[in-house]
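Engineer: In the working numbering, the protein residues as written are 69 to 137.
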């Protein structure tokens, strides 16, 4: 699915794919890193679920970056 999104973006001239992921979601973070996404920052207390606050990582993949896999 991620590769399909990358291909679609290339075909449509999009050079950046950005996403956010809850910091507790270690499986998704690992998946995105393996797909070449880089962490660009962390946003604190962006979500409140059942009275608990959660942080999110900002991640991005640059399609025109030769160092990105």
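We treat Cβ as the ideally placed atom computed from N, Cα and C, and that holds for glycine.
Just so you know, these numbers come straight off a predicted model, no measurement behind them.
Hey, is residue 116's beta-carbon within less than 7 Å of any beta-carbon in chain C?
Structural biologist: Given the protein chain composition of this structure (a single chain), no chain C is represented.
Engineer: Please state the DSSP three-state secondary structure of residue 69.
Structural biologist: coil
Engineer: Looking at the strands, I want to know which residues DSSP matches up with residue 109.
Structural biologist: 126
Engineer: So, for residue 140: in the same chain, excluding its five sequence neighbours on each side, which residues have a beta-carbon less than 6 Å away from its beta-carbon?
Structural biologist: A question about residue 140 goes unanswered here, because the residues of the chain that appear run from 69 up to 137.
Engineer: I need the straight-line Cα distance from residue 136 to residue 103, nearest angstrom please.
Structural biologist: For residue 136, the predicted structure reports a pLDDT of 46, less than 50, and the residue's modelled location is therefore unreliable. A value from the coordinates is still provided. Going by the C-alpha atoms only, they are around 9 Å apart.
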